[in-house]
Each structure stands twice: as structure tokens, then as C-alpha cells.
Amino acid sequence: MTPAPPRRVWVLGGSASGKTTFATEFAAVAGARHVELDRLHWQRDWTPRPAAELRAELGTALREPTWVVDGQYAVAVDDFAATADCVVWLDPPLRVSWPRLLRRTIRRYVRREELWASGNRETLRSVVGPRSILWFALRLRRRIEEANQRLFDELDGTGPVLVRSRTSDPAALARRIGRGDVG
Numbered sequence: 001m002t003p004a005p006p007r008r009v010w011v012l013g014g015s016a017s018g019k020t021t022f023a024t025e026f027a028a029v030a031g032a033r034h035v036e037l038d039r040l041h042w043q044r045d046w047t048p049r050p051a052a053e054l055r056a057e058l059g060t061a062l063r064e065p066t067w068v069v070d071g072q073y074a075v076a077v078d079d080f081a082a083t084a085d086c087v088v089w090l091d092p093p094l095r096v097s098w099p100r101l102l103r104r105t106i107r108r109y110v111r112r113e114e115l116w117a118s119g120n121r122e123t124l125r126s127v128v129g130p131r132s133i134l135w136f137a138l139r140l141r142r143r144i145e146e147a148n149q150r151l152f153d154e155l156d157g158t159g160p161v162l163v164r165s166r167t168s169d170p171a172a173l174a175r176r177i178g179r180g181d182v183g
């Protein structure tokens, strides 16, 4: 007998690890509300939403019976970590995530895609400048991995099912977990 699928999933990982792809697919399979933390966090002109506002917006979303949160802003972790029944850490190899990030960033820049309905767009500086998401992802990869390992160590045995995956196909993983196969 297949166990019931999780109803409250938190997916975390570094840039271009597949968080949004996983969350979108899981939401479709499980009928869950998809909460994208980047969408809540970033306002016009790349201005971060004040922590209290972000937590209030998140609190509204977390009242839903079924949800999937993608992202890991430290200010909000405690709000959903305690109520998630499954935490998925997407940790694909750099040879998978970095080219994915490069393609996504260039596509967004060339097509002038608006991000998160905030009016924000990739600029040449955000693509190749010193604060580029590309360099950010490389510089912080190890730190994110260490933080996520600490988090998994803290959560181990506290209730949520913990899934660490190095998959290059987060949508397939989401479908599997959405069917209750979290083993």
C-alpha cells in the first residue's frame, strides 16, 4: 500500500536547483498551493519586502491545507519548517545547475522577461556584473550546502520526511512524491 502523499512540502536548494520546477509540478499533481518565496520577497527595483510583510503574506498562504513552498529566506524558515510534513532538498551537481542557471539568466535578459510580476528584469550588470546571480550561485554554493545539511540534521527525527536529491529531473521527483512515494 502506497502511503498518503505529503500535504505540506518545503523545497529548498541553491539557484537553479529546480525548486520552482519541482513546486509547480507538485502543486499540479497534489492540488497544492504553490508559494514561491522569491515572488513574495522581491518588490519593484529589486527591493526586498520588509520581513514582517513577507511573514504576513506567507502566513496567509500557509493557512491552506495543502501547499508547497519553494525557497529558503532565513527570515521565514521558522514559519513553515515546523508545519511541513516533507522537506525536499534539491542538490544537483554543479555541472547540472550552473549551465541551467546560465541558460535561464541569458534567456531572461534577452527576452526582457519580467520576474515575479514585480517589474524586475535581468540587466547586463545582473548577468555579468560583480553581483551577478551567476557568480552569486558559485560563491554561495558551499555555504548553502552546509546550511541545508545543518537544517536536515536539526529536522532529523522531528516529524517531516526528509528527501535529499541530486536529480537533474525535479519534475519527475515531484510527481513521484506527489503520489506518496517519498522513500
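Each step along the sequence shown adds one to the number in my numbering, with nothing skipped, and position 95 is 95. Cβ coordinates follow ideal geometry from the N, Cα and C atoms, glycine included. As the structure is a prediction and not an experimental result, all values here were calculated from the model.
Restricting attention to Asp-70, Trp-89 and Phe-136, the CA atom closest to the CA of Val-161 is found in Trp-89. Annotation for Val-11: Lys-19, Phe-22, Ala-23, Asp-70 and Val-88 place their beta carbon closer than 6 Å to its own, counting only its chain and skipping 5 residues before and after. Secondary structure of Glu-64 (DSSP, three-state): coil.
In the three-state scheme derived from DSSP, where H, G and I count as helix and E and B as strand, Arg-125 is classed as helix. Ala-16 places its beta carbon less than 8 Å from that of Arg-104.
With a cutoff of 8 Å on beta-carbon distance, Pro-6 and Cys-86 are scored as near each other.
In the same chain as Leu-62, and ignoring 5 residues on each side of it, the C-beta atoms closer than 7 Å to its own belong to Asp-79, Phe-80 and Thr-83, in chain order. Under the 10 Å beta carbon count, Gly-178 is surrounded by 16 or more other beta carbons and is classified as buried. Scanning its chain for C-beta atoms nearer than 8 Å, with the 5 sequence neighbours on each side dropped, one finds around Gly-59 the residues Asp-79, in chain order. According to the DSSP assignment, Glu-113 belongs to no beta strand (DSSP E), since it is labelled neither H nor E. Under DSSP, Thr-47 forms a beta bridge with Gln-43. Under the Cβ criterion (8 Å, minimum of three pairs), the region 108-125 counts as touching the region 38-48.
Per DSSP, reduced to three states, the secondary structure at Val-182 is coil, with no helix or strand assignment.
DSSP, reduced to helix, strand and coil, places Asp-91 outside both helices and strands of the structure shown, so it counts as coil. Pro-170 counts as buried, since at least 16 other C-beta atoms from the protein chains shown sit within 10 angstroms of its C-beta.
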